[in-house]
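Chains as they are written, first to last, in the numbering used here: chain V, 1 to 347; chain H, 348 to 694.
Laid out in structure tokens, this is it:
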């Protein structure tokens with residue numbers, strides 16, 4: 001085992017190895033990496049509010065706080081990880097720009113971060129991604145390359161572009177600096193709760209590749225080790241929950257979900273290594289339950305939340321966990337939803 | 348002129364008399380009354396976030412902050428004034444409950460405040476108020492009495508009910524304690540801006556009866572006397588702006604507006620006395636401009652804002668004021684909008 005790294009967090013001294021696909025040890029991000037990310041993001045990312053609502057508390061029977069990352073730049077938390085990652089690219093490697101593959105929110109996050117930093121960006125997006133997400137990515141100055149989600153490999157396409165242009169690939173979740181950037185969401189949550197004299201009992205975060213929940217768990221567990229974490233996923237896309245149960249990274253059978261932001265096929269290698277230890281348990285919600293959560297957010301909270309961003313709220317409202325009387329934290333992770341789908345869900 | 352009162356604010360020593368309808372002097376609320384209201388509301392009203400957005404700043408060409416009272420209890424600022432007013436009703440007068448007349452948001456604010464304080468509430472509402480507002484008022488435990496806005500006098504109906512039941516009438520705006528309660532919006536704005544090291548150059552607040560802008564002006568002018576205030580109103584319902592110009596309270600010609608929350612016929616006596624001195628100038632926006640602001644809030648800010656709640660944002664986005672490079676504050680005053688109308692505006 002290597003010498004103890006200078007920045008220690010809950011995972012910093014753990015060896016890193018995948019149960020199913022042995023790989024060389026990789027440095028896992030730590031709570032200190034989240035702190036460093038917070039310094040980079042200060043004055044660039046928005047500090048989003050931690051929302052509470054008596055109606056929500058009554059509906060759940062708990063003291064509920066929702067981190068409104070819907071109000072973040074580009075309408076989701078993804079700007080945080082992207083900007084943190086891009087900020088760590090050495091100056092002499094920036095001219096080739098960046099390449100990212102994404103169903104939408106990561107695309108906008110990377111495009112916006114590249115724009116702020118003056119770097120060119122190519123985004124590889126599935127051709128069935130919501131129109132609003134494609135258009136907004138292009139509006140942020142990125143070049144959009146579409147691919148067929150059923151037949152083509154986005155990772156290979158992105159790698160090809162990167163090799164040709166000398167660009168850096170920005171992975172959507174399985175990267176220490178991306179995870180650390182997303183972790184600033186958790187850092188702000190714990191700071192705001194601490195200011196209220198509270199500690200979280202339960203934290204529920206949506207999982208696709210698992211970068212957001214991994215980062216949040218790093219940040220919160222470092223200051224509130226007693227917090228119990230759950231991943232939330234769409235039914236049928238519960239690869240994270242099944243991976244927790246089997247102890248190795250499981251894949252989803254291909255199918256569609258209302259939650260276009262949560263359709264990663266399998267947990268990341270780095271994210272799963274963090275999440276299996278700090279999270280360890282997952283719940284899921286149906287499309288109908290997600291729709292009801294989007295409608296609840298519209299009607300009662302006056303917030304625009306996209307289906308994937310409402311997965312944790314959906315699980316809470318559907319009573320998937322017994323959280324009575326507890327301090328519960330959820331994350332509204334994104335709000336990029338087309339007007340037509342939004343209307344179908346809230347009408 | 349009376350001796351200087353113990354709690355002095357920008358208006359505390361001014362005599363109160365209407366230019367058009369002479370009345371006995373009435374105590375005007377002061378910034379100290381707003382401070383007292385803030386103490387009563389602490390832990391009961393939500394402290395709503397002051398939202399910023401790079402996209403919004405770019406659209407306006409200024410540094411813009413929006414106070415999201417859409418996220419307040421009952422979905423608008425009205426809970427603040429109602430709760431402050433009800434809290435000052437002596438214990439021996441509470442059993443008869445309260446009566447209020449309102450096109451919707453004040454109704455919910457009074458109903459919720461009465462529910463928190465355990466008082467019965469009757470709400471007199473126009474029969475053409477949005478269904479969501481009627482239903483939500485009833486859901487808060489209030490008795491709803493409908494009236495015809497074209498043919499009946501809501502004030503008389505409310506007074507009749509109050510006399511019969513021994514209830515206290517809670518005016519929607521023209522009451523010192525209601526104004527002081529709404530002023531806590533301004534108190535939070537100036538606290539949050541001060542924490543950012545900023546002072547407001549321009550403040551734009553929607554005006555119907557004028558209670559919200561009067562309260563906010565009291566609170567902000569006490570700490571940032573250089574802030575320039577503007578009322579914002581729907582075209583055709585610009586009674587406040589016309590009253591500023593003529594120096595006396597003007598009335599609107601009856602017509603309809605997309606802003607159902609901003610259809611008061613004339614400024615209040617107390618509110619106008621405050622606003623003529625602290626505001627003094629008003630702008631307006633068309634229904635189409637308001638609709639574009641609601642759509643902008645959906646698409647770019649991920650916030651659900653009702654038309655009346657978006658009037659100030661509408662005026663800003665439409666370029667009604669030259670605010671280039673300034674620190675500009677707006678208030679998103681409410682988010683209670685039916686799903687169908689919302690879809691029409693954002694689609």
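No residue lacks a Cβ here, since even glycine has one placed at the ideal position from N, Cα and C.
Interface flag, residue 351(V) vs chain H, CB-CB below 8 Å: The requested residue 351(V) does not occur in the structure, where chain V is confined to residues 1 to 347.
Whole-Å CB distance - residue 119(V) paired with residue 102(V), under 8 Å assumed: About 16 Å separates the two Cβ atoms, so there is no contact after all.
Host beta strand (DSSP E) of residue 447(H) (start-end): Here the beta strand (DSSP E) through residue 447(H) covers 445–448.
Residue 319(V) burial status per 10 Å Cβ neighbour count (16 or more: buried): Residue 319(V) is exposed by the Cβ-count criterion.
Beta strand (DSSP E) segment containing residue 68(V), residue limits: Unbroken beta strand (DSSP E) run through residue 68(V): 63–68.
Outcome for residue 590(H) when other beta-carbon atoms lying within 10 angstroms are tallied against a minimum of 16: It is buried - the Cβ of residue 590(H) has at least 16 other Cβ atoms within 10 Å.
Below-8 Å beta-carbon distance, residue 335(V) vs any chain H residue: Yes, contact with chain H.
Residues from the stretch 639–651 of chain H in contact with chain V, defined by Cβ distance under 9 Å: Here the close residues are 642, 644, 645, 646, 647, 648, 649, 650, 651.
Outcome for residue 455(H) when other beta-carbon atoms lying within 10 angstroms are tallied against a minimum of 16: Counting the other CB atoms within 10 Å of its CB gives residue 455(H) a total of 16 or more, which places it among the buried residues.
C-beta contact flag for residue 558(H) and residue 525(H) at 8 Å: By the CB criterion at 8 Å, residue 558(H) and residue 525(H) fall inside the cutoff.
Exposed unless 16 or more other CB atoms sit within 10 angstroms - verdict on residue 5(V): With a pLDDT of 39 at residue 5(V), under the threshold of 50, the modelled position of that residue is not reliable, and the figure given next carries that caveat. Result: exposed.
Neighbourhood of residue 74(V) by C-beta, 6 Å cutoff - its chain only, sequence neighbours within 5 removed: 108, 109, 112, listed in sequence order.
Residue-level contact to chain V via CB, residue 693(H), 8 Å cutoff: Closer than 8 Å: yes.
Other residues of its chain near residue 411(H): CB distance less than 6 Å, five sequence neighbours each side excluded: Within its own chain, the residues whose Cβ lies closer than 6 Å to the Cβ of residue 411(H), once the five positions on either side in sequence are excluded, are 403, 404, 675, listed in chain order.
Cβ neighbours of residue 692(H) in the same chain (closer than 6 Å, five flanking residues each side left out): Annotation for residue 692(H): 638, 641, 642 place their beta carbon closer than 6 Å to its own, counting only its chain and skipping 5 residues before and after.
When 522(H), 485(H), 470(H) are compared against residue 376(H), the one with the closest alpha-carbon: Among 522(H), 485(H), 470(H), the Cα nearest to that of residue 376(H) is on 522(H).
According to DSSP, residues forming a beta bridge with residue 575(H): DSSP output for residue 575(H) lists 549(H) as bridge partner(s).
Rounded distance between the beta-carbons of residue 100(V) and residue 172(V), thought under 8 Å: Contact holds; Cβ gap of about 7 Å.
Contact set between residue 121(V) and chain H, taken where Cβ atoms lie within less than 9 Å: Proximity of chain H to residue 121(V) at the Cβ level (cut-off 9 Å) is not reached, the minimal Cβ distance being about 17 Å.
Cutoff 8 Å: residue 51(V) Cβ touching any chain H Cβ: Yes, its Cβ sits closer than 8 Å to a Cβ of chain H.
Any chain H beta carbon closer than 8 Å to residue 325(V): Not a single C-beta of chain H is nearer than 8 Å to the C-beta of residue 325(V).
Residue burial classification, residue 240(V) (beta-carbon count within 10 angstroms, cutoff 16): Residue 240(V) counts as buried, since at least 16 other C-beta atoms from the protein chains shown sit within 10 angstroms of its C-beta.
Check whether residue 98(V) and residue 215(V) have beta carbons under 8 Å apart: Cβ distance not < 8 Å, so residue 98(V) and residue 215(V) don't count as in contact.
Sequence-distant residues of its chain with Cβ nearer than 8 Å to residue 201(V) (five each side left out): Correct list, in chain order: 226, 227, 228, 323, 326, 327, 328.
Backbone CA spacing between residue 235(V) and residue 89(V) [nearest angstrom]: C-alpha separation (whole angstroms): 37 Å.
Own chain, CB closer than 6 Å to residue 337(V), minus 5 neighbours either side, in chain order: Excluding sequence neighbours, residue 337(V) sits near 306.
Host alpha helix (DSSP H) of residue 524(H) (start-end): 523–542 is the span of the alpha helix (DSSP H), which, as asked, contains residue 524(H).
Under 8 Å between C-beta atoms of residue 270(V) and residue 224(V): With a cutoff of 8 Å on beta-carbon distance, residue 270(V) and residue 224(V) are scored as not near each other.
Interface residues of chain H facing residue 343(V) [CB-CB closer than 9 Å]: Near residue 343(V) (Cβ distances below 9 Å), the residues of chain H are 686, 687, 689, 690, 693, 694.
Distance CB(residue 393(H))-CB(residue 539(H)) smaller than 8 Å: Contact: no.
Reduced DSSP category for residue 372(H) - H, G, I as helix; E, B as strand; rest coil: Confidence at residue 372(H) is low in this model, with a pLDDT of 48, below 50, so its placement is unreliable and the value that follows should be read with caution. In this structure, DSSP gives residue 372(H) a state outside helix and strand, which the three-state scheme calls coil.
Interface flag, residue 420(H) vs chain V, CB-CB below 8 Å: For residue 420(H), the answer is yes, since a Cβ of chain V falls inside 8 Å of its Cβ.
Contacts of residue 70(V) in chain H (Cβ-Cβ under 7 Å): Neighbours of residue 70(V) in chain H, taken as residues at a C-beta separation under 7 Å, are given in chain order as 649.
Straight-line Cα distance separating residue 426(H) from residue 516(H): Using only the alpha carbons, I get a separation of about 15 Å.
Whole-number beta carbon distance between residue 550(H) and residue 578(H), since they are thought to touch under 8 Å: In fact, because the Cβ distance is near 10 Å, the residues do not count as touching under 8 Å.
Alpha-carbon to alpha-carbon, residue 137(V) and residue 348(V): Beyond the ends of chain V as shown, which are 1 and 347, falls residue 348(V); an answer cannot be given.
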